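In this note's numbering, the protein residues as written are 5 to 487.
Every residue, glycine too, gets a C-beta built ideally from N, C-alpha and C.
It should be emphasised that the depicted structure is a prediction, and the values quoted were computed from it without experimental measurement.
These notes are about the structure you will find just below.
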């Protein structure tokens with residue numbers, strides 16, 4: 005190979021290396037700038053004291069005789085290359101503030117659409133007249149006290165009174181709320197009505213079924229497990245009932261007694277005093293008494309006992325009358341429906357309030373992130389267009405300066421002007437991009453963060469309101485009787 009040819013090859017390789025290094029330097033200066041999170045990149049290097057065109061203040065455009073006489077050959081060559089490679093078509097940077105406002109006007113969301121909408125799901129809950137001025141508490145405890153004295157062997161309408169009572173009470177417990185605790189106490193089921201059995205029979209008030217959630221088959225078995233035989237210890241049964249209710253805090257328990265008797269106290273006790281003790285503050289049991297086929301003397305005594313126990317007295321002369329009392333006058337079916345309605349309203353209100361809070365949060369979050377993504381995406385797109393265009397322009401000017409003879413002797417001056425234009429414009433584009441991204445992020449977080457707090461506060465408050473409403477529905481006040 006001739007020495008001249010070898011020199012030409014070396015020179016060509018050297019030029020190619022310089023060209024590639026120049027191209028990589030422009031592209032590489034932007035590497036990593038767009039990280040997808042809106043963070044700032046290292047800014048392109050270059051003086052910020054020059055105009056965006058890359059010319060110093062007061063420089064001529066190169067058009068006209070004046071420009072030709074005042075501009076250097078490097079500047080004139082540079083202007084020709086700008087025109088040749090379409091520099092005017094590259095997107096112009098804008099002031100960061102103006103650019104942000106334009107993007108906000110274009111991509112800004114209407115957050116008024118996120119206002120909470122209220123739909124009233126609350127239904128009217130009619131309080132049964134039979135409830136009077138009392139209400140139910142969190143726990144409901146009902147004790148049935150049944151007379152199993154010998155007189156309950158007697159018949160009414162061709163059927164034993166004890167059989168009628170068994171059936172009426174078994175039906176009655178089926179109307180109680182599922183959460184109610186039920187207990188059964190009987191008296192008079194021991195001995196006989198003979199005087200010789202009086203002491204034994206009067207002491208035989210028995211708790212057959214302690215307080216427990218209702219099991220209908222178990223209750224039916226318990227209430228059919230005895231036969232009427234002896235005397236009538238009404239007072240002693242009420243005293244022992246007081247022990248049955250001990251430990252059931254009246255602040256969270258509604259306590260009820262339903263006593264069925266067909267006669268007056270025959271064991272020397274005081275039913276009136278015993279009923280009053282049951283209604284005292286530490287128990288607050290409401291004592292209701294049903295006189296079943298009783299004489300006037302028994303009616304008076306049982307009425308007074310019910311009154312002192314804060315309850316009601318009911319008189320039944322036959323099976324139909326007894327059933328009427330437990331199905332309608334003591335109407336737990338209506339009571340249960342009423343409180344189920346109140347509890348349902350509490351949950352419906354909670355679901356509505358919390359649902360609105362989540363919808364509001366989701367709406368704001370979706371709009372805020374959509375707005376941020378659109379604005380930052382537009383900012384990055386414009387930055388990419390400017391930086392890509394300016395790097396491409398610089399690389400074309402650089403390549404031409406190295407390959408075309410008419411530009412070689414002015415190469416250094418041309419490249420200095422091209423690099424200055426590139427760096428100034430890319431720096432301006434970087435500022436414009438970062439301003440939009442930062443401010444859009446600030447607005448997004450300023451909307452989303454309060455929405456999170458508002459959602460949490462609203463849901464927490466709704467939970468509190470729901471639980472208070474449920475507790476109120478379940479707890480209520482005892483019947484006002486001066487306690």
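- Query: With a cut-off of 8 Å, do at least 3 Cβ pairs link the stretch 315-326 to the stretch 362-371?
  - Reply: no
- Query: Quick one, are the C-beta atoms of residue 145 and residue 223 less than 8 Å apart?
  - Reply: no
- Query: Tell me which same chain residues have a C-beta within less than 6 Å of the C-beta of residue 77, skipping the five on either side of it?
  - Reply: 414
- Query: Across which residues does DSSP place residue 234 in a beta bridge pair?
  - Reply: 153
- Task: Using the Cα positions of residue 391 and residue 94, report the straight-line distance between them to the nearest angstrom.
- Result: 9 Å
- Item | Check whether residue 188 and residue 148 have beta carbons under 8 Å apart | yes
- Message: Quick check on the burial criterion: 16 or more other C-beta atoms within 10 angstroms. Buried or exposed for residue 351?
- Response: In the assembly as shown, residue 351 is an exposed residue. Its beta-carbon has fewer than 16 other beta-carbons within 10 Å.
- Message: So, with DSSP's three-state summary, where would you put residue 314?
- Response: Residue 314 falls in the strand class under three-state DSSP.
- Considering only residues of the same chain and omitting the five flanking positions on each side of residue 27, which have a CB-CB separation below 6 Å? A caution first: residue 27 carries a pLDDT of 38, below 50, which makes its placement in the model unreliable, though a value can still be read off. Contacts found: 399.
- Message: Under 8 Å: do the stretch 103-110 and the stretch 273-290 share three or more Cβ pairs, one atom per stretch?
- Response: no
- Query: For the stretch 342-421, which segments carrying the alpha helix (DSSP H) assignment without a break, of at least 4 residues, lie completely within its bounds, in sequence order?
  - Reply: 409-412
- Task: Identify, in the order they occur along the chain, each residue of the same chain with its Cβ nearer than 6 Å to the Cβ of residue 387, setting aside the five sequence neighbours on each side.
- Result: Closer than 6 Å at Cβ, skipping near neighbours: 433, 437.
- Item | Inter-stretch contact (C-beta, 8 Å, three-pair minimum) for the stretch 372-379 and the stretch 109-119 | With a cut-off of 8 Å on Cβ pairs, the stretch 372-379 is in contact with the stretch 109-119, counting three or more such pairs.
- Reducing DSSP to helix, strand and coil, say where residue 193 ends up. When DSSP states are grouped into helix, strand and coil, residue 193 belongs to the coil group.
- Starting from the Cα of residue 358, find the closest Cα among 96, 121, 246 and give me that residue. 121
- Quick one: grab the DSSP three-state call for residue 277. helix
- Give a single yes or no on whether residue 264 has its beta carbon closer than 7 Å to a heavy atom of the ligand SAH. Looking for the ligand SAH in the displayed structure turns up nothing, as the structure carries no ligands at all.
- In terms of residue numbering, what span does the alpha helix (DSSP H) encompassing residue 77 cover? 77-88
- Query: Just the Cα atoms here: how many angstroms apart are residue 296 and residue 267?
  - Reply: 8 Å
- Report the three-state DSSP secondary structure of residue 464 (helix, strand or coil). Of the three classes helix, strand and coil, the one that applies to residue 464 here is helix, per DSSP.
- Item | Contact set for residue 463: own chain, Cβ-Cβ below 7 Å, skip 5 residues either direction | 358, 361
- Query: Quick one: Cα of residue 159 to Cα of residue 340, how far?
  - Reply: Straight-line measurement puts the Cα of residue 340 at about 33 Å from the Cα of residue 159.
- Message: For a test of the three-state rule: what should DSSP assign to residue 268, helix, strand or coil?
- Response: coil
- Query: Ordered along the chain, which non-local residues of its own chain (more than five positions away) have a Cβ less than 6 Å from that of residue 274?
  - Reply: 239
- Could you give the DSSP three-state label for residue 216: helix, strand or coil? strand
- Could you name the residues that DSSP lists as bridge partners for residue 294? Note: residue 294 sits in a beta bridge opposite 264, 318.
- Message: Quick test of the definition: if touching needs 3 or more C-beta pairs under 8 Å, does the stretch 200-210 touch the stretch 227-239?
- Response: yes
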